[in-house]
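S.K.: Residue numbers (this note's numbering): 135 to 439.
See below:
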């Protein structure tokens, strides 16, 4: 059982504790937070809190997270584009449409199922029963590099690199509109959308989120960007770019209402990954090409200029 000490601020005063926890703790949904509250695993001054408790902004909370469950997802043969692999880690170029781990509505046919088959069941258990090996996630309709751990030692080392930002992730995307500057930084906290729990939003009670961007190519009405994540919040690049008025092409959740012909989901690809190998501490830097439909959009925009 892992215990985390959390400190709300004055800006959090009045927020429901279940919603606040969901926006503060990675991978914790509001319903999961409510279950922890119901089980007496969220304490203030040693006393359990009710799930409808509203924060004062001056309390200190003790959150207990249950130990990882045994792996229960089943192996399935799904072809993988393996970019790097050794006895500790595996890096895959995930295609669009492939869900990372089992969840309601997606019980199988996920990257986890494919990894369990490919790795012969050798994945870390830190992620729990349905997320073995998964150190970070990529949205279903985002493609590109994702790393998984084959043992708990590697998982814990990579998770620490996520926390101290030595695990670097680089993306490319096509954003709507033009940018006056050549580069910039978006520093805005992200949490669950207050009205739509399936979406994320920039909110004062969210977790710190920082995205660095730079212009690669300017087109008429669109911009090809490279983005580097300093933090890794759910939907971070999509939310941040939408917030500044430049949603990603094809993003029907945070941008356009209709899909773009020839494009499935948002035009966002994880092109680069850099990490320190958990066993040797040597730097590993990987990259993968843009998918064909991304390149097709770039060609179309270039022809239109």
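Each residue gets a CB set at the ideal place from its N, CA and C atoms; glycine is no exception.
Note that the structure is a prediction, hence the values are computed from the model and not measured.
Residue 434 by DSSP, collapsed to three states: which one?
M.R.: Correct three-state label for residue 434: helix.
S.K.: Tell me, please, whether the segment 223-234 touches the segment 157-167 by the rule of three or more beta-carbon pairs shorter than 8 angstroms.
M.R.: No, the segment 223-234 does not touch the segment 157-167.
S.K.: Residues in the same chain with beta-carbon distance under 6 angstroms from residue 418, minus the five sequence neighbours each way, listed in chain order, please.
M.R.: Excluding positions up to five away in sequence, the list reads 409 and 411.
S.K.: Is it buried or exposed for residue 345, if we count other Cβ within 10 angstroms and need 16 for buried?
M.R.: Buried.
S.K.: From the DSSP secondary-structure annotation, give me the bridge partner or partners of residue 270.
M.R.: None, per the DSSP bridge assignment.
S.K.: Out of 251, 223 and 300, which one is the CA nearest neighbour of residue 211?
M.R.: Out of 251, 223 and 300, 251 has the C-alpha closest to the C-alpha of residue 211.
S.K.: Would you grab the beta carbon distance between residue 238 and residue 244 for me? Rounded to a whole angstrom, and I think it's under 8 angstroms.
M.R.: No, residue 238 and residue 244 are not in contact; Cβ-Cβ is about 12 angstroms, not under 8 angstroms.
S.K.: In angstroms, rounded to a whole number, what distance separates the CA positions of residue 433 and residue 351?
M.R.: Roughly 12 angstroms separates the two Cα atoms.
S.K.: Starting from residue 287 and walking both ways along the beta strand (DSSP E), at which residues does that stretch end?
M.R.: Here residue 287 belongs to no beta strand (DSSP E); instead the alpha helix (DSSP H) covers 286-298.
S.K.: Beta-carbon within less than 7 angstroms of residue 163's beta-carbon, same chain only, minus the 5 sequence neighbours each way: which residues are those?
M.R.: Contacts found: 156.
S.K.: DSSP three-state call for residue 152: helix, strand or coil?
M.R.: Of the three classes helix, strand and coil, the one that applies to residue 152 here is helix, per DSSP.
S.K.: Run through DSSP, which three-state label would residue 388 get?
M.R.: Looking at residue 388 - three-state DSSP - the assignment turns out to be coil, as it is neither helix nor strand.
S.K.: Excluding the 5 residues flanking residue 438 on each side, which residues of the same chain have their C-beta closer than 8 angstroms to its C-beta?
M.R.: Around residue 438: 353 and 354.
S.K.: Decide if the segment 272-283 is in contact with the segment 324-331; the criterion is three or more beta carbon pairs, one per stretch, under 8 angstroms apart.
M.R.: As far as the Cβ criterion goes, the segment 272-283 does not touch the segment 324-331, which means the pair count is below three.
S.K.: Mark residue 192 as exposed unless 16 or more other C-beta atoms lie within 10 angstroms of its C-beta, in which case mark it buried.
M.R.: Exposed is the call here.
S.K.: Are the CB atoms of residue 137 and residue 196 nearer to each other than 8 angstroms?
M.R.: Yes, they are a contact pair.
S.K.: Out of 241, 403, 397 and 366, which has the shortest C-alpha to C-alpha gap to residue 159?
M.R.: The shortest C-alpha separation from residue 159 is found at 366.
S.K.: Measuring straight from C-alpha to C-alpha, what distance separates residue 378 and residue 322?
M.R.: Each residue's alpha carbon lies about 10 angstroms from the other.
S.K.: Given residue 253, which residues of its chain have a CB within under 7 angstroms of its CB, disregarding the five upstream and five downstream residues?
M.R.: Within the same chain, residue 253 has close Cβ partners 224 and 284.
S.K.: Tell me the DSSP secondary structure of residue 218 in three-state form.
M.R.: Strand.
S.K.: Would you mind listing the alpha helix (DSSP H) stretches within the segment 346-406 that are 4+ residues and don't spill past its ends, in chain order?
M.R.: Fully enclosed alpha helix (DSSP H) runs of 4 or longer: 370-377.
S.K.: Considering only C-alpha positions, which residue in the set 335, 305 and 381 is nearest to residue 361?
M.R.: Here the closest residue by C-alpha is 305.
S.K.: Helix or strand or just coil, what does DSSP make of residue 237?
M.R.: In this structure, residue 237 counts as strand in the three-state DSSP scheme.
S.K.: Does DSSP put residue 165 in a helix, in a strand, or in coil?
M.R.: The answer is helix: DSSP assigns residue 165 an H, G or I state.
S.K.: If you follow the alpha helix (DSSP H) that residue 246 is in, where does it begin and where does it stop?
M.R.: Segment 245-252, the alpha helix (DSSP H) holding residue 246.
S.K.: For residue 185, which option in 207, 217, 150 and 215 has the closest C-alpha, if you only look at C-alpha atoms?
M.R.: Nearest of 207, 217, 150 and 215 to residue 185, Cα basis: 150.
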